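Novice:
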Amino acid sequence: TRFSGVTGVQTCALPILDSLNRLDYFQIGEWERCSPDRIMTFSAVAASFGKMLSDSLNMPVGLILNAVGGSPTESWIDRETLENEFPDILPNWTQNDFIQDWVRGRAVLNCNKSTRKGQRHPYEPCYLFESGIEPLKGYGVRGAIWYQGESNAHNIETHERLFSLLVNSWRKNIESELPFYFVQLSSLDRPSWPHFRESQRRLSMSIPQVGMAVSSDRGDSLDVHPRRKQDVGERLARLALKQTYGKNLMPSGPILNKVEFQENTVLITLDCAEGLTTSDGKAPSSFEIAVYEGVFKPARAEIVGNQIRLKSEEIVSPKFVRYGWEPFSTGNVVNGEGLPLSTFRECEN
2 TRFSGVTGVQ
12 TCALPILDSL
22 NRLDYFQIGE
32 WERCSPDRIM
42 TFSAVAASFG
52 KMLSDSLNMP
62 VGLILNAVGG
72 SPTESWIDRE
82 TLENEFPDIL
92 PNWTQNDFIQ
102 DWVRGRAVLN
112 CNKSTRKGQR
122 HPYEPCYLFE
132 SGIEPLKGYG
142 VRGAIWYQGE
152 SNAHNIETHE
162 RLFSLLVNSW
172 RKNIESELPF
182 YFVQLSSLDR
192 PSWPHFRESQ
202 RRLSMSIPQV
212 GMAVSSDRGD
222 SLDVHPRRKQ
232 DVGERLARLA
242 LKQTYGKNLM
252 PSGPILNKVE
262 FQENTVLITL
272 DCAEGLTTSD
282 GKAPSSFEIA
292 VYEGVFKPAR
302 AEIVGNQIRL
312 KSEEIVSPKF
322 VRYGWEPFST
332 GNVVNGEGLP
342 LSTFRECEN
């Protein structure tokens, strides 16, 4: 299944607008063998994910692509869930501050030829679930991969509510504990992104059968669509191979286990940290510590086994630590597989 790129134009023709009102948005495709010609119109992240799965499992892997550029999380959640759990996001959605300005503005531009009250649009809450996810009920989907968040990064608290609802909504529709693997937003010069990535990191630890692939080292400071997509797809595949199929491989980069605030140092203990090193052979970079919130100083970092020890001559009795805390992150910590540590922020309890 693939989408019929309505959202990329400023004004939709009346027949298209009428089709949207009938939920006739996704083009129904057929199963096709992956080939160089067909892959050009497919998701590069999904294709590399599927190839690594197929090669590792030695079996065919089928992928259904329901991808809509710029779409917000709320458009992928079923109506009953939003009515019960987040009703405030539904009324007058093109004027609703829970929804990102760009999303609302694009929808108004797309629909400005319509005279129909209640004209529907793919970015509308529930629309993409109703047109693209609900039809998959009973299809036997084994798992989901998700690379989204740019259109919800304006309101982190709202996204935290929506993301959990999204996962549960899909699981309810598929009628299974659907494994759900998602990509943390990459690096880009947008001020809210360090906070959003941290929220995503915490969400990945709070929802069962959810895994997160880190992509901050594959970002582009000027382009929301970074080009190094194969690595991202393979990182998602590692999560699925380990957690869904039980394969013996490193599923991710280093994962924060524990932070100890000592008199003059901060000691960070990491899981999935075998062969802990840096991507450029230099000392670990982009670590900062602080005594008071917002007054961070660069820290000197030393790798000791699966731990990182931080010090700063300017800081005594640190209470806060953060890593890669910039929109376009320059953090360089990786494990022996070359997989990166997520950006993070922690404080003393």
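Counted the way the numbering used here counts, the sequence shown spans residues 2 to 350.
C-beta: ideal position from N, C-alpha, C; glycine also.
Values in this document were obtained by computation on a predicted structure and should not be read as measured data.
Nearest by alpha-carbon distance to D281: which of G51, L340 and S205 is it?
Specialist: Translated into positions along the sequence shown, residue 281 becomes position 280. Closest by alpha carbon: L340.
Novice: Note down, in chain order, each residue of its chain lying with its Cβ closer than 8 angstroms to the Cβ of E178, except the 5 sequence neighbours on either side.
Specialist: Locating residue 178 in the sequence shown gives position 177, where the first residue counts as 1. R172, P209 and Q210, listed in sequence order.
Novice: Mind checking L15: buried by the 16 CB within 10 Å criterion, or exposed?
Specialist: On the sequence shown, residue 15 is found 14 positions in, with the first residue counted as 1. Label assigned to L15: exposed.
Novice: Please report the distance separating the alpha-carbon of F164 from that of P180.
Specialist: Mapped onto the sequence shown, residue 164 falls at position 163. Mapped onto the sequence shown, residue 180 falls at position 179. In a straight line, the C-alpha of F164 is about 14 angstroms away from that of P180.
Novice: Hey, how far is the Cα of I40 from the Cα of T279?
Specialist: By 1-based counting over the sequence shown, the position of residue 40 is 39. By 1-based counting over the sequence shown, the position of residue 279 is 278. Rounded to whole angstroms, I40 to T279 spans 33 angstroms at the Cα level.
Novice: To the nearest whole angstrom, what separates the beta carbons of I78 and L166, a pair I think is in contact under 8 angstroms?
Specialist: Taking the sequence shown and counting its residues from 1, the one referred to as residue 78 is at position 77. Taking the sequence shown and counting its residues from 1, the one referred to as residue 166 is at position 165. That pair is a contact at about 5 angstroms.
Novice: Where does M213 sit, in a helix, a strand or coil, going by DSSP?
Specialist: Position 212 of the sequence shown holds residue 213. It is a strand residue.
Novice: Within 10 angstroms of the Cβ of H226, are there 16 or more other Cβ atoms? Answer buried if so, exposed if not.
Specialist: In the sequence shown, residue 226 corresponds to position 225, counting from 1. Its Cβ having fewer than 16 others within 10 Å, H226 is exposed.
Novice: Quick one: what's got a C-beta closer than 7 angstroms to S132's C-beta in the same chain, skipping five residues either side?
Specialist: Working through the sequence shown from its first residue, we reach residue 132 at position 131. Correct list, in chain order: L24, Y26 and F27.
Novice: Can you check DSSP and say which residues form a bridge with I146?
Specialist: Taking the sequence shown and counting its residues from 1, one reaches residue 146 at position 145. I146 is bridged to Y182.
Novice: How long is the line joining the alpha carbons of K283 and W32, rounded to whole angstroms?
Specialist: Position 282 of the sequence shown, counting from 1, holds the residue named residue 283. Position 31 of the sequence shown, counting from 1, holds the residue named residue 32. Their backbone Cα atoms lie some 47 angstroms apart in a straight line.
Novice: Taking the alpha helix (DSSP H) that D38 belongs to, which residues open and close that run?
Specialist: As a position in the sequence shown, residue 38 is number 37, starting the count at 1. Its alpha helix (DSSP H) spans residues P37 to I40.
Novice: So what does DSSP say about D272, is it helix, strand or coil?
Specialist: Start at 1 with the first residue of the sequence shown, and residue 272 comes out as number 271. Reduced to three states, the DSSP call for D272 is strand.
Novice: Taking the alpha helix (DSSP H) that V305 falls in, what are its first and last residues?
Specialist: Taking the sequence shown and counting its residues from 1, the one referred to as residue 305 is at position 304. Where V305 is concerned, there is no enclosing alpha helix (DSSP H), although the beta strand (DSSP E) it sits in stretches over R301 to V305.
Novice: State the Cα-Cα distance for the pair R229 and R323, rounded to the nearest angstrom.
Specialist: Locating residue 229 in the sequence shown gives position 228, counting from the first residue. Locating residue 323 in the sequence shown gives position 322, counting from the first residue. So the two alpha carbons sit approximately 26 angstroms from each other.
Novice: In chain order, what residues of the same chain have a beta carbon less than 6 angstroms from the beta carbon of R198, not counting five sequence neighbours either side?
Specialist: Residue 198 sits at position 197 when you count from the first residue of the sequence shown. For R198, where only same-chain residues beyond five positions count, the Cβ hits under 6 angstroms are Q185, L186 and T344.
Novice: Taking K298 and S286 to be in contact with their CB atoms under 8 angstroms, please state how far apart those CB atoms are, rounded to whole angstroms.
Specialist: Indexing the sequence shown from 1 puts residue 298 at position 297. Indexing the sequence shown from 1 puts residue 286 at position 285. So it is not a contact: roughly 14 angstroms between Cβ atoms.
Novice: Tell me the rounded alpha-carbon separation between V46 and T266.
Specialist: On the sequence shown, position 45 is the one that residue 46 refers to. On the sequence shown, position 265 is the one that residue 266 refers to. Using only the alpha carbons, I get a separation of about 40 angstroms.
Novice: If you draw a straight line from the C-alpha of L189 to the C-alpha of W94, how long is it?
Specialist: Here the question's residue 189 lines up with position 188 in the sequence shown. Here the question's residue 94 lines up with position 93 in the sequence shown. Straight-line Cα distance between these residues: approximately 28 angstroms.
Novice: Going by the beta-carbon positions, is the gap between D232 and I256 smaller than 8 angstroms?
Specialist: To locate residue 232, count along the sequence shown from 1; it is residue 231. To locate residue 256, count along the sequence shown from 1; it is residue 255. Not a contact, by the Cβ cut-off of 8 angstroms.
Novice: Please state the DSSP three-state secondary structure of T279.
Specialist: As a working note, residue 279 is residue 278 in the sequence shown. Strand, per DSSP.
Novice: By the three-class DSSP mapping on this structure, what secondary structure does T266 have?
Specialist: Stepping through the sequence shown from its first residue, residue 266 is reached at position 265. Strand at T266.
Novice: Quick test of your reading: S76 and Y128, contact by CB under 8 angstroms. State the CB separation rounded to the nearest angstrom.
Specialist: Counting from one through the sequence shown, the residue named residue 76 turns up at place 75. Counting from one through the sequence shown, the residue named residue 128 turns up at place 127. Contact holds; Cβ gap of about 5 angstroms.
Novice: With a Cβ-Cβ cutoff of 8 angstroms, do F50 and G234 count as a contact?
Specialist: Counting from 1 along the sequence shown, the entry for residue 50 is found at position 49. Counting from 1 along the sequence shown, the entry for residue 234 is found at position 233. Their beta carbons are under 8 angstroms apart, which means F50 touches G234 by this criterion.
Novice: With a 10 Å radius around its C-beta and 16 neighbouring C-beta atoms as the bar for buried, classify V29 as buried or exposed.
Specialist: Taking the first residue of the sequence shown as position 1, residue 29 is located at position 28. Sequence check: residue 29 is Ile here, not Val. Exposed: under 16 other Cβ atoms inside 10 Å.
Novice: Which one or two residues does DSSP pair with F197 in a beta bridge?
Specialist: Taking the sequence shown and counting its residues from 1, one reaches residue 197 at position 196. Answer is none; F197 lacks a bridge partner.
Novice: How should T331 be labelled, buried or exposed, when 16 other C-beta atoms within 10 angstroms of its C-beta is the threshold for buried?
Specialist: Along the sequence shown, read from residue 1 onward, the residue named residue 331 stands at position 330. Under this definition T331 is an exposed residue.
Novice: Going by Cα to Cα distance, which pick from T159, R219, R301 and S72 is closest to P88?
Specialist: Walking along the sequence shown from the start, residue 88 turns up at place 87. Comparing Cα-Cα distances from P88 to each of T159, R219, R301 and S72, the minimum goes to T159.
Novice: Would R236 and M251 be called neighbours here (beta carbons separated by less than 8 angstroms)?
Specialist: As a working mapping, residue 236 is identified with position 235 in the sequence shown. As a working mapping, residue 251 is identified with position 250 in the sequence shown. Not a contact, by the Cβ cut-off of 8 angstroms.
Novice: Which residue or residues does DSSP assign as beta-bridge partners of E261?
Specialist: Within the sequence shown, the letter at position 260 stands for residue 261. Per DSSP, L268.
Novice: Buried or exposed, going by whether 16 or more other CB atoms sit within 10 Å of the CB of T1?
Specialist: Since the first residue of the chain shown is 2 and the last is 350, residue 1 is not available in this structure.
Novice: Pick helix, strand or coil for P341, following the three-state DSSP scheme.
Specialist: Locating residue 341 in the sequence shown gives position 340, where the first residue counts as 1. If DSSP states are grouped into helix, strand and coil, P341 belongs with the strands.
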